[in-house]
Structures are given as C-alpha cells and as structure tokens.
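Student: Below is the structure I would like to discuss, written out as structure tokens.
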Amino acid sequence: MPKFSSGLTRRGFANRTAALAALSASPTALAQSQPAPAAPVSPNDRIVMGAIGIGGRGTEDIRHFLSDPRVQIVANCDIREDRRESIKSLIDKAQGNHDCKMYSNAQDLLARPDIEAVLIATSDRWHTLMSVWAAEAGKDIFCEKPLSLTIAESYALAETVRRYGRVYQAGCQRRNVPNFELAVGLARSGKLGRLQTVYANTLAPLSRLGHNWWPAEPEPDPRVFDWDQWLGPCPWRPYNARYPNGGRGLFWDFHGGGILEWGSHTVDLCQWAADADHTQAIEYEPTPNGVNARYANGVKLVMRPDGWMNLGTCHVRFEGTNGWVETADSGRIELSENLRSEHRTVTMRGTDPSRHIQDFLNCIRSRTQPRSNAESSCNAHVTCHAAYIAWQLGRKCAWDPAKRAFVNDEQANRMRSRAYREPYRHDAICNSLG
Amino acid sequence: MPQQPAPQAAKPASQPKPLPAVPPEFDAAPILALDAPKLVQLVADPKSTVFQKAKACHRLAVIGGKDAVPAVAALLDHPELSNYARFALEPNPDPSASTALRNALPKLSGRRLAGAITSLGVRQDPKAVDLLIKYMDHADSDVAGAALASLGRIATPQAAKALHQALTSVRAELQPIAARAALICATPDLLKALAGPNVPKPVRLAALKQSS
C-alpha cells in the first residue's frame, strides 16, 4: 500500500463509484447526474479565488469559474505583462468591476489571506511547485494537468495536499464527462465481466522530446517577460523566444512527454476503471510506440498512440470477459453487441471542464475530495512517469508501489526525480521517495 | 457466453511534424550517447562548451558513479552550470557526492550556496547537520531557507532540536520556513511547538491534524 492516503477513503471511493455504476443501470441517470443550478449566493458565501499562469487552457477554465455565481476572482498572476493585463480585463469585465489585482510573483498572490482557492494553469514545469506553495499557504487548488514532471513530484504533491488538508482537483476533467463516466461505470459494475485489458490513447509519438537548445537571443525586460521565473525550477538554458511561444512542449526539461500529455487523462481513466486508483501498474514493457503495463490485480494496461474507432482524441477502451466499451472526446460511445442497450447519447465533449469545476467548487464547501483528487491523480501520473522511464530506457521495468521504487534497477530509480534549479525547492520532494 | 471484443482496426500513429533545425553545437544526441568515462572527460575539459557540460551532467545523473563526482562538483560555483552539477550529484549513489557538496559550501554564495544546501537535504545527509545549523540564520534568505528546509528533510534528533530553537530564534521572515521544515521533520515535540501563536495558520492546523 502507498504510504499515504487522502481524505477520500477506499470505502468512500467505492461509494462514489457505486453511484457511477448506477449510471449504467438507469437510462436517466446521466441526466440526473448533471449538477443542479446554483442557488443565489450571498457575498459572504462567495469562494474568493486567485488565478495563476492563465494561458489558452486556463482562459477556458476561468470562463467556467466566472460563470459560477459562487466564485469571485480577485487576483491574477503572470510573468507576462500582456497576459496579466488581458486576464485582468477578462475577469473585470465578467465581474462588472475593476477589482482584479495583478501580480507578477505568485508568492505575493498566495500571501493574500482573503484568497481561499487558486486556479493554476501555468505550463507543466510549474504545476507541482505552485500547487505545493498554494497548499502551504492554505489554499484549495484546481491545477491543470499534467500535475508533475517526475515521480518524486507526484508523491510530494499528494503528500503536501494531504498534510495541509486542502481540496485539490487536477484538470483531468474527463472524470466528470458523462461518456467517460459511463464507460468507467460499466467496467467497475462488472457489466464487462472480468476486466482484462484497458487501453489508454497517448499522444504520438514518444520520441519527440528533445534535449537540445536553441540559439541564445537577448533576454526581454523582466517586467515584460521574466525568463528566470518562466524557467522556474527547470535547468537553466539561454533564452530563445520560441520556448515560451509554443516550443516548450518539445523539450524534456519542460514537459512530461507524449505519455503524460494525454495519459494524464487516459491512463487516469484506465486506473479508475481497473480499480487501481490507489496504486500504480507494477510492470512496464516498452513497445515501438508505447508501453504495455500490468497491474497487480492482473489487468493489462496498453498505452499506445494509434487511433482506434475514430471517436475523437483521448480514446479509452475497456475489455472484459463479457464485452467491451470504447469512447473518446467526441462523446460518442461504442459498445460490444451484447451491451448495446447500455448506450447513451452524450453531447458533451471530453475537453469541457464545466462539471469538473463544479465538482471542485462543491468540494470546497463540503470539504470532501473531488474526483481528480491528489491521491488518484498522483497514482495515475506515477504510472505514466514509470512507463515513460521504461520507454526511455528501452527495457522492461518492474515497479514496487509500496517502496515507490523500481525493482533492482538503479538507473530507472535515478530517473524518479530531477534536481530543482536553485533557489527553488519544496519541502516534501525528497521525503516522497522511499 | 463471453463475447469477444471487436477486432480493432489499428491505424498508424500520426506522423510528427519535423522539429525546427537545431544548430550542431546544440545537438545533445552525440553527448547523451557517450559512456560515463567520456562524459566525465567532457565535463572536466576546459575547452568544452556550457552546453556540452550541461548535457554531460544530465546524462551522468543516470549513469555517473564515484568517478564522476570530482569533475561535476567543480561546476557547483559555475553561474550557469551549478544547477546541472546538482542535477548529476543529487541522485549519485556514491557517498562522495555528499562529501563534495559539503566541501563546496564554504566556497559558494547566494543561489549557488542555497542550491548545494538543498541538495544535501535531498540526499538526507546526516553529516551535513552541523554545517546546516550554521546557515539557519544566514543573511541571505535563500540560503537560510534552504538550510532550514534541509534540516527538516534530514530529520535527525540534532536537526529536530535545531529546528525547535529556530522556530523562535530566526528572524521573522524565516519563521514560516522554519515552521514548514518542522512540520516535515514532525517529531512529537516539534508538532507540539507548532501550536504556538507565531506559526502560520495553515502549518498550525496541519500540525494539529498530524498529531491527532
């Protein structure tokens, strides 16, 4: 068993998934599962929030937060001056005032005692550290995915969230999108029979992450764009404008790779379906374009970039002894012949975060953990990282979830963490590994 | 009767867009293919570029042993390569990596000193405790904060005792860091001390939760 647990117990999780199983039992359950319209909110009951690192995906998130009457966003932080101003403008316009304060340093925003929760939508390299800072400051956290760049970061994040008793929701919104809920419900309710193989669509190809540098260019004025803060805990390299303008995802220093980009969604759903939310896969075998893995309960996990039934991006497919289900971001669902009566029409796209955000806001008030809580997200990310390490090494690796270590593989174990660039650090990072 | 899953029509993976051209002097592939002795030579060679040394350290983080430590540790005071040296030293299983970090402390300052102190904490080096205690109230907040955090990670009885004192003895701006370090260290005495009025509320509540 892992060394930690979140506020969400396994029994609690089972209760939640029993409700999910009901999705597959009742034709009306999907409609009933839509969140009820929010009641009018008094100003004193508002959830006061700050927003950090709001780019493209963050802007979509923030529009959904702003549409909820419970939410008041009072601050935004970005290292880019133009983004600070454009996001302030968006927030102020939506809220009908000029009250959103701008920050270039996240610690200043997190120091505000009136801020109860934060939306973190920086890019990947900042996700763990920023979330840890937010938890230490007593904030609840909605953080975009992937939540970490390493195995060590994944555990450290989960432990810090648990230690400080915060509500944490990773931006793995497909846990709150009906077609994926239905597919998981079918797997967990036994309607597929004994689950044998789960398939996670990963972003192709895995080999693209580079270790090269681009030529140095003059650094901009830090008041306009702060390169040092942009790098954050990542290794230093000379500035080049292509990194912050779309190029960062090509580099190992800044990104978790093809498995993490989509696997943070699809592997996460597979773990949920396979009753493995509390653990990680224990064996990893690289294939030319992906990784085959296995859980201790015998379920096989296939991570592969190939498309299947043209249902959109981020496919998952669950196969059992009595049937199969496959779905993806279009909302369309394909089922084996014997399960066609379970079919539902879903029009919500997999990229829609609206119900996921409402789940987070509800949990802030109820002090329960949302679906993409830190523990389950940590475990899914550890599976993704372990798979990517096996793929980079080009050999089969065995993983011991209790020891949080690869079995008899020193090189793989040395890839579980990365040194933070000075002066960045966070307190839980080394204690997170056994 | 179990129904067999429908056959999957596997489609080829989408073809990647070509990466922008990388100048040969910034091509990491030849460096990452070197064995450990050649990587050490590259790090030690004064003619090597910053890029070459950075990538050699990157690879030595995975395959470097005792022989890599002296050359890598020599970069700890390099303004652009210090973090790469720590990148290689932190996961190195040989004890000489900790010794090299400890020996480097008197020669370092500012961020680079803070970084080396952080790495000693990550390595949970008990032999560093005496040294780190001396840095707990350093004038540079990055250095003092790193020392406090590392003591919390190392968590020997001596480190716990030092943190207990630091909760009230370090200057005000460092007290929240000392409190968070004490929470990581988490001895019963420290958790009790974190109930104090000067402790930040999130840490106070976390300590209460942890001790209950």
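Top line first, the protein sequences correspond to chains A and B.
All the letters of the first sequence, read from the start, carry residue numbers 44 to 477 under this note's numbering.
All the letters of the second sequence, read from the start, carry residue numbers 871 to 1082 under this note's numbering.
Cβ atoms here follow ideal geometry from the backbone N, Cα and C, with glycine treated the same way.
All figures in this text were calculated on a predicted structure; none of them were measured in a lab.
1) Do you know how far the Cα of Ile-184 (chain A) is from the Cα of Ala-1077 (chain B)?
2) Pull up the distance between the alpha-carbon of Asn-422 (chain A) and that of Met-346 (chain A), whole angstroms please.
3) Look up Lys-234 (chain A) in the DSSP assignment and say whether it is helix, strand or coil.
4) May I ask you to list the residues that DSSP assigns as paired with Met-346 (chain A)?
5) Could you work out which residue in A:Trp-176, A:Lys-234, A:Gly-214 is closest to Leu-378 (chain A) when comparing CA atoms only?
6) Establish whether the CB of Thr-988 (chain B) and some CB of chain A are separated by less than 8 Å.
7) Let's see if you can read the secondary structure: which residues bound the beta strand (DSSP E) around Pro-329 (chain A)?
8) Can you give me the start and stop residues for the alpha helix (DSSP H) that Thr-171 (chain A) sits inside?
9) Determine whether the beta carbon atoms of Leu-1021 (chain B) and Ala-1051 (chain B) lie at a separation below 8 Å.
10) Pull up the CB-CB distance for Ala-441 (chain A) and Glu-326 (chain A), whole angstroms please, since I reckon it's below 8 Å.
11) When you compare the CB positions of Leu-109 (chain A) and Ile-130 (chain A), do they come within less than 8 Å of one another, or not?
12) Out of A:Trp-270, A:Asp-151, A:His-386, A:Asn-340, point me to the one whose CA is closest to Val-241 (chain A)'s CA.
13) Examine chain A for any beta-carbon lying closer than 8 Å to the beta-carbon of Val-932 (chain B), and answer yes or no.
14) What residue range is occupied by the uninterrupted alpha helix (DSSP H) comprising Lys-1071 (chain B)?
15) Going by DSSP, what residues sit across from Leu-162 (chain A) in a beta bridge?
16) Could you work out which residues of chain D lie near Asp-897 (chain B), taking near to mean beta carbons separated by less than 8 Å?
17) Note down, in chain order, all residues in the region 1022 to 1038 of chain B with a beta-carbon under 7 Å from any beta-carbon belonging to chain A.
18) How many angstroms separate the CA atom of Gly-214 (chain A) from the CA atom of Arg-956 (chain B)?
19) DSSP beta-bridge partners for Val-359 (chain A)?
20) Mapping the DSSP letters down to three states, classify Ile-116 (chain A) as helix, strand or coil.
21) Between Tyr-1005 (chain B) and chain A, is there a C-beta pair that is closer than 8 Å?
22) Which bits of chain A does Arg-956 (chain B) rub up against, with CB to CB less than 8 Å?
23) Going by the CB atoms, is the gap between Ile-90 (chain A) and Ile-407 (chain A) shorter than 8 Å?
24) Examine chain B for any beta-carbon lying closer than 8 Å to the beta-carbon of His-428 (chain A), and answer yes or no.
25) Please specify which runs of the alpha helix (DSSP H), each continuous and at least 4 residues long, are wholly inside the region 274 to 319 of chain A, giving them in chain order.
26) If we define contact as Cβ-Cβ less than 8 Å, is His-928 (chain B) a contact residue for chain A?
27) Along the alpha helix (DSSP H) that carries Ile-105 (chain A), what are the first and last residues, could you check?
28) Which residues bound the alpha helix (DSSP H) around Ala-441 (chain A)?
29) Assign His-141 (chain A) to buried or exposed, taking buried as 16 or more other Cβ atoms, counted over all protein chains shown, within 10 Å of its Cβ.
30) Please state the DSSP three-state secondary structure of Gln-911 (chain B).
31) Restricting to runs no shorter than 4 residues, where is the alpha helix (DSSP H) found entirely within the region 993 to 1039 of chain B?
32) How many Å lie between Trp-434 (chain A) and Ala-149 (chain A) at the Cα?
33) Since Lys-977 (chain B) is in the alpha helix (DSSP H), which residue starts that stretch and which ends it?
34) Report yes or no: is there a C-beta of chain A within less than 8 Å of the C-beta of Arg-972 (chain B)?
35) Start and end of the beta strand (DSSP E) containing Leu-1136 (chain B)?
36) CB-CB under 6 Å to His-399 (chain A), same chain, minus the five flanking residues each way: which ones, in chain order?
Tutor: Well, looking at it:
1) Within the second sequence, the letter at position 207 stands for residue 1077 (chain B). Within the first sequence, the letter at position 141 stands for residue 184 (chain A). Cα-Cα distance, rounded: 20 Å.
2) Along the first sequence, read from residue 1 onward, the residue named residue 422 (chain A) stands at position 379. Along the first sequence, read from residue 1 onward, the residue named residue 346 (chain A) stands at position 303. Roughly 16 Å separates the two Cα atoms.
3) The residue labelled residue 234 (chain A) in the question sits at position 191 within the first sequence. In the structure shown, Lys-234 (chain A) sits in coil (DSSP, three-state: anything other than H, G, I, E or B).
4) For the purposes of this step, residue 346 (chain A) is taken as residue 303 along the first sequence, with counting starting at 1. Answer is A:Ala-243, A:Val-334, bridged to Met-346 (chain A).
5) Counted from its first residue, the first sequence places residue 378 (chain A) at position 335. Nearest option by C-alpha distance: A:Lys-234.
6) One-based indexing of the second sequence puts residue 988 (chain B) at position 118. Yes, Thr-988 (chain B) counts as interfacial toward chain A.
7) Along the first sequence, one-based indexing puts residue 329 (chain A) at 286. Counting along the chain, the beta strand (DSSP E) containing Pro-329 (chain A) begins and ends at 326 to 329.
8) Counting from 1 along the first sequence, the entry for residue 171 (chain A) is found at position 128. Start and end: 170 to 179.
9) Within the second sequence, numbered from 1, the residue matching residue 1021 (chain B) stands at position 151. Within the second sequence, numbered from 1, the residue matching residue 1051 (chain B) stands at position 181. In this structure, Ala-1051 (chain B) lies closer than 8 Å to Leu-1021 (chain B) by Cβ.
10) Residue mapping note: residue 441 (chain A) aligns to position 398 of the first sequence, counting from 1. Residue mapping note: residue 326 (chain A) aligns to position 283 of the first sequence, counting from 1. Sure, about 6 Å apart at Cβ, within 8 Å.
11) Here residue 109 (chain A) is taken as the residue at index 66 of the first sequence, counted from 1. Here residue 130 (chain A) is taken as the residue at index 87 of the first sequence, counted from 1. Result no, Cβ atoms of Leu-109 (chain A) and Ile-130 (chain A) do not sit closer than 8 Å.
12) Taking the first residue of the first sequence as 1, we reach residue 241 (chain A) at position 198. Taking only the C-alpha atoms, the option nearest Val-241 (chain A) is A:Asn-340.
13) Position 62 of the second sequence, counted from the first residue, corresponds to residue 932 (chain B). So, interface residue.
14) As a working mapping, residue 1071 (chain B) is identified with position 201 in the second sequence. First-last of the alpha helix (DSSP H) with Lys-1071 (chain B): 1071 to 1081.
15) Walking along the first sequence from the start, residue 162 (chain A) turns up at place 119. Its beta-bridge partners are A:Ala-94, A:Phe-185.
16) Within the model displayed, chain D is absent; protein chains A and B are what it includes.
17) Gly-1022, Arg-1023
18) The residue you call residue 214 (chain A) lines up with position 171 of the first sequence. The residue you call residue 956 (chain B) lines up with position 86 of the second sequence. Approximately 32 Å between the Cα atoms of the pair.
19) For the purposes of this step, residue 359 (chain A) is taken as the residue at position 316 of the first sequence. DSSP lists A:Ala-243, A:Thr-370 as partners of Val-359 (chain A).
20) In the first sequence, counting from the first residue as 1, residue 116 (chain A) sits at position 73. Under the three-state reduction of DSSP output, Ile-116 (chain A) falls in the strand class.
21) If you number the second sequence from 1, residue 1005 (chain B) lands on position 135. Not one chain A Cβ lies under 8 Å of Tyr-1005 (chain B).
22) Numbered from its first residue, the second sequence carries residue 956 (chain B) at position 86. Residues of chain A passing the Cβ test: Ala-462, Glu-465.
23) Stepping through the first sequence from its first residue, residue 407 (chain A) is reached at position 364. Stepping through the first sequence from its first residue, residue 90 (chain A) is reached at position 47. A contact, by the Cβ cut-off of 8 Å.
24) Within the first sequence, numbered from 1, the residue matching residue 428 (chain A) stands at position 385. For His-428 (chain A), the answer is no, since every Cβ of chain B falls outside 8 Å of its Cβ.
25) 301 to 316
26) As a first step, residue 928 (chain B) must be located in the second sequence, where it is residue number 58. Using a Cβ-Cβ cut-off of 8 Å, His-928 (chain B) counts as an interface residue toward chain A, since at least one Cβ of chain A sits closer than that to its own.
27) Taking the first sequence and counting its residues from 1, the one referred to as residue 105 (chain A) is at position 62. Unbroken alpha helix (DSSP H) run through Ile-105 (chain A): 99 to 109.
28) Taking the first sequence and counting its residues from 1, one reaches residue 441 (chain A) at position 398. No alpha helix (DSSP H) holds Ala-441 (chain A); the beta strand (DSSP E) holding it covers 440 to 443.
29) On the first sequence, residue 141 (chain A) is found 98 positions in, with the first residue counted as 1. Classification of His-141 (chain A): exposed, given that the 10 Å Cβ count is below 16.
30) Working through the second sequence from its first residue, we reach residue 911 (chain B) at position 41. Helix.
31) 999 to 1005, 1011 to 1024, 1027 to 1039
32) Counting from one through the first sequence, the residue named residue 434 (chain A) turns up at place 391. Counting from one through the first sequence, the residue named residue 149 (chain A) turns up at place 106. Cα-Cα distance, rounded: 35 Å.
33) Mapped onto the second sequence, residue 977 (chain B) falls at position 107. Per DSSP, Lys-977 (chain B) belongs to no alpha helix (DSSP H) and is neither H nor E.
34) The residue labelled residue 972 (chain B) in the question sits at position 102 within the second sequence. Taking Cβ atoms only, chain A never reaches closer than 8 Å to Arg-972 (chain B), which makes this a no.
35) This structure does not reach residue 1136 (chain B), given that chain B is present from 871 up to 1082, and the question cannot be answered.
36) In the first sequence, counting from the first residue as 1, residue 399 (chain A) sits at position 356. For His-399 (chain A), where only same-chain residues beyond five positions count, the Cβ hits under 6 Å are Gln-216, Asn-219.
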